[in-house]
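Its first residue numbered 89, the sequence shown is counted upward by one per residue in my numbering. C-beta atoms are modelled at their ideal positions from N, C-alpha and C, and glycine is treated no differently. A short worksheet on the structure shown next.
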Amino acid sequence: LEAQAIDAQTLADNQLLQGDDQLPPDDPGQTVAYEEPVYDFPVVENEKVRYYIDYFTGRAHKTFKIWLERSGRYLPMMREIFAEAGLPQDLVYLAMVESGFNVKAYSWAHAVGPWQFISSTGRRYGLDNDWWHDERRDPEKATRAAAHFLADLYEEFDGDWYLAVPSYNAGPGKLRRAIKRYNTRDFWELSRGKYLKNETKNYLPKLMAVLIIAKQPEKYGFTELEYQEPLVYETVTLPSSTDLEVVARLSGADYQLIKKLNPELKRWCTPPASKDYLVRLPVGTQDVFSEKYAQLPKRQRANYVRHKIKSGDTLLALSHRYGVRVQDIKRLNSIRNARTLQIGTNLILPLNPDSKGPTHLAALKDDYKRSRKTYYKVRSGDSLWKISRKFSVTEKQLRVWNRLGWSNVIRPGQRLIVSSKAAPAKKAKVNVAAVKNSGPLKKVVYKVLPGDTLWAIGREFAVNTHQIRSWNNLTEKHVLQPGDRLTLHVSSSRG
Numbered sequence: 089l090e091a092q093a094i095d096a097q098t099l100a101d102n103q104l105l106q107g108d109d110q111l112p113p114d115d116p117g118q119t120v121a122y123e124e125p126v127y128d129f130p131v132v133e134n135e136k137v138r139y140y141i142d143y144f145t146g147r148a149h150k151t152f153k154i155w156l157e158r159s160g161r162y163l164p165m166m167r168e169i170f171a172e173a174g175l176p177q178d179l180v181y182l183a184m185v186e187s188g189f190n191v192k193a194y195s196w197a198h199a200v201g202p203w204q205f206i207s208s209t210g211r212r213y214g215l216d217n218d219w220w221h222d223e224r225r226d227p228e229k230a231t232r233a234a235a236h237f238l239a240d241l242y243e244e245f246d247g248d249w250y251l252a253v254p255s256y257n258a259g260p261g262k263l264r265r266a267i268k269r270y271n272t273r274d275f276w277e278l279s280r281g282k283y284l285k286n287e288t289k290n291y292l293p294k295l296m297a298v299l300i301i302a303k304q305p306e307k308y309g310f311t312e313l314e315y316q317e318p319l320v321y322e323t324v325t326l327p328s329s330t331d332l333e334v335v336a337r338l339s340g341a342d343y344q345l346i347k348k349l350n351p352e353l354k355r356w357c358t359p360p361a362s363k364d365y366l367v368r369l370p371v372g373t374q375d376v377f378s379e380k381y382a383q384l385p386k387r388q389r390a391n392y393v394r395h396k397i398k399s400g401d402t403l404l405a406l407s408h409r410y411g412v413r414v415q416d417i418k419r420l421n422s423i424r425n426a427r428t429l430q431i432g433t434n435l436i437l438p439l440n441p442d443s444k445g446p447t448h449l450a451a452l453k454d455d456y457k458r459s460r461k462t463y464y465k466v467r468s469g470d471s472l473w474k475i476s477r478k479f480s481v482t483e484k485q486l487r488v489w490n491r492l493g494w495s496n497v498i499r500p501g502q503r504l505i506v507s508s509k510a511a512p513a514k515k516a517k518v519n520v521a522a523v524k525n526s527g528p529l530k531k532v533v534y535k536v537l538p539g540d541t542l543w544a545i546g547r548e549f550a551v552n553t554h555q556i557r558s559w560n561n562l563t564e565k566h567v568l569q570p571g572d573r574l575t576l577h578v579s580s581s582r583g
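Next up, the structure:
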């Protein structure tokens, strides 16, 4: 499958969400109703709730502030969906406990998106997940699924939110067994026992602490918050698979904005097998896009296609079948020896190889390469430090690629995603003809932003990824970090 890149902020979110340094008291102490301000969810205060208020306003203040600001993008939509479902609107803050309102959140349990659905539960509530897209990352679809799931849990536990909410974390079966074991339906009594995991015991207190702070942030030291603008968009229905680059070009929008509005799309296009696929566009672009799209020949909607290698496939046969050159297939998929191809391997093939030229192919190859995995089986005596030295990567990269918290211990036999040392990129040749046509080159220093890739930066400045690597002495396996500065030599005509 896909080894999804994690930006620095998502890594910080994950550290706080995992709670490795959180040590609330085992006993909640006296529990009293919390009356100010008004909630539509039953909020109380006790020692555990106060612990998390202190934690979020103290050690975790910086990350929690980002979560509060990020909430502005999603709260209006989420509240509306919960209101339609007849749920307490304050329950939308459960998404902060789950993910910090981060659509890119990915947990050690392979839970994904703002509501942290695992694959099976997501599918049960209508969220598709395959090689092409993952609807668990769609904030609106995932919120509707979460509302449905919470409503089911509320009904299953006879209208008791103090049981329904923790069961969202642990699963309803675990809560039912805890109730049977301790012969009580009082959550605070259940949390005194050892049967439930600490994560579940602390889940409800975290939600209450989040609600108390979010309702009156200034009181708790969160001043001058810059809430993100609410998520607004227009939608169009695409009758066949379409590249997101095409969507961006026809709508007049930035490619990265199209990606941001459609976080469920994991690849460069809408799923080929999906007809009438709904895509979000920036407000005010729907009409111009629809007009231009209607005039676009179907063959120009998609420039690339995925092909899974079958028995008998050869690069020459594929080149004849798709009408592309063998060298373009090899370059795009980093194939050095065609005899090493294995059945089941996914190849990306250009449908219109002459429309963009080799620069575009190299850029797409770089973006796709991020989804490849190399595995290492942990041996006795191994440590992350030893493995990082062996493969010339950092411990932080190993933790990111393998979703490891800072306290996770690796064990013999465990499979880790690693990255072998790559040779420095070869010097890129400048396209002399292109330079003559576009004017003299000028030096630009670009500061890497969260979510940036070499491919996206190359698209922005009309250079290829090999050139960027060469100018900055980056290896093929280098992982960009927000704040990195890259030297680029771009046409002066690009301003």
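Practice task
Would you mind giving the Cβ-Cβ distance between TYR213 and HIS198, rounded to the nearest angstrom? I have them listed as a contact below 8 Å.
Solution key: Not quite, the Cβ-Cβ distance comes to about 16 Å (not below 8 Å), so this is no contact.
Problem - Pick from LYS150, LEU326, GLU352 and ASP248 that is closest to LYS386, judged by C-alpha positions - result: Among LYS150, LEU326, GLU352 and ASP248, the Cα nearest to that of LYS386 is on LEU326.
Handout entry: Cβ shell of PHE275 (< 7 Å), same chain only, five flanking positions each side left out
Key = Same-chain partners within the cutoff: TYR250, LEU251, PRO254 and LEU292.
Exercise for the section: Find the nearest neighbour of TRP196 within the set TRP489, ARG224 and GLU244, judged by alpha-carbon distance. Expected result: Across the set TRP489, ARG224 and GLU244, the C-alpha of TRP489 shows the shortest separation from the C-alpha of TRP196.
Exercise for the section: Would you mind reading off the limits of the alpha helix (DSSP H) that contains LYS229? Expected result: LYS229 -> alpha helix (DSSP H) spans 227-244.
Exercise for the section: Quick one: using the 10 Å Cβ neighbour count with 16 as the cut-off for buried, is HIS408 buried or exposed? Expected result: HIS408 should be labelled exposed.
Handout entry: Whether ASN290 touches PRO130 by CB criterion (8 Å)
Key = PRO130 is positioned such that its CB atom lies no closer than 8 Å to that of ASN290.
Problem - Contained beta strand (DSSP E) runs [length at least 3] in the stretch 372-427, N- to C-terminal order - result: With a minimum length of 3 residues, the continuous beta strand (DSSP E) runs that stay inside the stretch 372-427 are 392-396.
Practice task
Give the DSSP-derived three-state secondary structure of HIS566 in the structure shown.
Solution key: DSSP places HIS566 in coil when its eight states are reduced to three.
Handout entry: DSSP three-state assignment for HIS577, whether helix, strand or coil
Key = The answer is strand: DSSP assigns HIS577 an E or B state.
Problem - Sequence-distant residues of the same chain with beta carbon closer than 8 Å to LEU537, five excluded per side - result: Listed in chain order, the non-local C-beta contacts of LEU537 below 8 Å within the same chain comprise PRO570, local neighbours out to five positions each way being set aside.
Exercise for the section: Check whether the Cβ atoms of ASP331 and ARG264 lie closer than 8 Å to each other. Expected result: If you check the CB distance, ASP331 and ARG264 do not come in under 8 Å.
Handout entry: Nearest neighbour of LEU278, chosen from SER558, ASN561, ARG557 and ASP115 [CA to CA]
Key = Comparing Cα positions, the closest option is ASP115.
Problem - Validate contact between the stretch 350-359 and the stretch 411-423 using beta carbons, cut 8 Å, 3 pairs - result: Here the stretch 350-359 does not lie against the stretch 411-423, with fewer than 3 beta-carbon pairs under 8 Å apart.
Handout entry: DSSP beta-bridge partners of ILE301
Key = Residue pairing for ILE301: DSSP places it in no beta bridge.
Handout entry: Inter-residue Cα distance where the pair is ALA516 and ARG573
Key = Because ALA516 sits at a pLDDT of 36, beneath the cut-off of 50, its placement in the model cannot be relied upon, and the following sentence gives the value as read from the coordinates. Looking at the two C-alpha atoms, the distance is approximately 19 Å.
Handout entry: For ARG487, the first and last residue of its enclosing alpha helix (DSSP H)
Key = DSSP places ARG487 in the uninterrupted alpha helix (DSSP H) bounded by 483-489.
Practice task
Helix, strand or coil for TYR291, going by three-state DSSP, please let me know.
Solution key: The DSSP-derived three-state label of TYR291 is helix.
Handout entry: Given VAL320 as reference, the closest of VAL335, LYS307, LYS294 and LYS348 once Cα atoms are compared
Key = Nearest option by C-alpha distance: LYS348.
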